[in-house]
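Note that the working numbering has the sequence shown beginning at 2, numbered continuously upward. For every residue, glycine included, the Cβ atom is placed at its ideal position computed from N, Cα and C. Notes follow the structure.
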Amino acid sequence: MWVQETSVHYQFDTEEGAAEYAKLTPPGGHTVFLHDDHSGLDSEPEVYTVALFHQLKCLDIIRGQITNPSHNPTRPLVQHCMNYLRQMLLCYPNLRLEPAIDPTGTAVRGYQASCRDWTTLYDEAEANHLAYKSRYNLNHSVNLTNGSQM
Numbered sequence: 002m003w004v005q006e007t008s009v010h011y012q013f014d015t016e017e018g019a020a021e022y023a024k025l026t027p028p029g030g031h032t033v034f035l036h037d038d039h040s041g042l043d044s045e046p047e048v049y050t051v052a053l054f055h056q057l058k059c060l061d062i063i064r065g066q067i068t069n070p071s072h073n074p075t076r077p078l079v080q081h082c083m084n085y086l087r088q089m090l091l092c093y094p095n096l097r098l099e100p101a102i103d104p105t106g107t108a109v110r111g112y113q114a115s116c117r118d119w120t121t122l123y124d125e126a127e128a129n130h131l132a133y134k135s136r137y138n139l140n141h142s143v144n145l146t147n148g149s150q151m
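Shown next, in the form of structure tokens:
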């Protein structure tokens, strides 16, 4: 378990923060490649994105749009990310009460948040990416994390 605390990291408007956001997805990107149970290993694998990585990539896209609106992804991609994150928050909400510090509802987290250990997910995603590159003799990166595609 990881206990969430206030951090000086992930500032949305600094170069260091931008680099930290970019590193939230595995080095191989946010996709994984899996074979259909019926097709076998000789067929082309299906491409999937891991929801956690998709969410983190969306945060970075929105961060980029806030900090530099003229040099970042298109409005449809930002709109996709806003909708996707909204859906994730509504589907998996944190229903704890947070104390408000003023009548307008400005809230502070008045509890320690414990998070799941996601390091195994990162390790498995990177192993999957390396196996895919090796199997298909790819010398270039299949990393889509810096592109505008989701």
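Check the DSSP bridge columns for residue 34 and list the partner residues they point to. For the purposes of this step, residue 34 is taken as the residue at position 33 of the sequence shown. According to DSSP, which records beta bridges pairwise, residue 34 is partnered with 48.
For residue 101, write down the residues that DSSP places opposite it in a beta bridge. Numbered from 1 along the sequence shown, position 100 holds the residue referred to as residue 101. Paired residue(s): 108.
State the DSSP-derived secondary structure class of residue 135, mapped to helix, strand or coil. Indexing the sequence shown from 1 puts residue 135 at position 134. Residue state, collapsed to three classes: helix.
In the DSSP output, which residue or residues are listed as bridge partners for residue 126? The residue you call residue 126 lines up with position 125 of the sequence shown. In the DSSP output, where bridge partners are listed per residue, residue 126 has none listed.
For the alpha helix (DSSP H) containing residue 12, list its first residue and its last residue. Translated into the one-based positions of the sequence shown, residue 12 becomes position 11. Bounds of any alpha helix (DSSP H) do not take in residue 12, whose DSSP letter is neither H nor E.
Quick one: is residue 1 buried, meaning 16 or more other Cβ sit within 10 Å of its Cβ, or exposed? Residue numbering for the chain in the displayed model covers 2 to 151; residue 1 lies beyond these limits and cannot be assessed.
Exposure label - residue 126; buried when at least 16 CB within 10 Å: In the sequence shown, counting from the first residue as 1, residue 126 sits at position 125. Buried: at least 16 other Cβ atoms inside 10 Å.
6 angstroms CB neighbourhood of residue 46 in its chain, flanking five on each side removed: By 1-based counting over the sequence shown, the position of residue 46 is 45. Within the same chain, residue 46 has close Cβ partners 34, 35, 36.
When 11, 112, 51 are compared against residue 97, the one with the closest alpha-carbon: The residue given as residue 97 occupies position 96 in the sequence shown. With distances taken between Cα atoms, residue 97 lies closest to 112.
Measuring CB to CB, does residue 31 end up less than 7 angstroms from residue 54? As a first step, residue 31 is located in the sequence shown; it is residue number 30 there, counting from the start. As a first step, residue 54 is located in the sequence shown; it is residue number 53 there, counting from the start. Contact flag set, yes.
DSSP three-state assignment for residue 8, whether helix, strand or coil: One-based indexing of the sequence shown puts residue 8 at position 7. Coil, per DSSP.
Count the other CB atoms, across all protein chains shown, that sit within 10 Å of the CB of residue 51; report buried if there are 16 or more and exposed otherwise. As a position in the sequence shown, residue 51 is number 50, starting the count at 1. It is buried - the Cβ of residue 51 has at least 16 other Cβ atoms within 10 Å.
Straight-line gap, residue 22 to residue 58 (C-alpha atoms, nearest Å): Within the sequence shown, numbered from 1, the residue matching residue 22 stands at position 21. Within the sequence shown, numbered from 1, the residue matching residue 58 stands at position 57. Between the alpha carbons of residue 22 and residue 58 lies a gap of roughly 8 angstroms.
Checking 7 angstroms against the spacing of the C-beta atoms, do residue 14 and residue 75 come in under that value? Along the sequence shown, one-based indexing puts residue 14 at 13. Along the sequence shown, one-based indexing puts residue 75 at 74. No, they are not a contact pair.
Please classify residue 66: is it buried, with 16 or more other beta-carbons within 10 angstroms of its beta-carbon, or exposed? What you label residue 66 is simply residue 65 of the sequence shown in a count that begins at 1. By the 10 Å Cβ count, residue 66 comes out buried.
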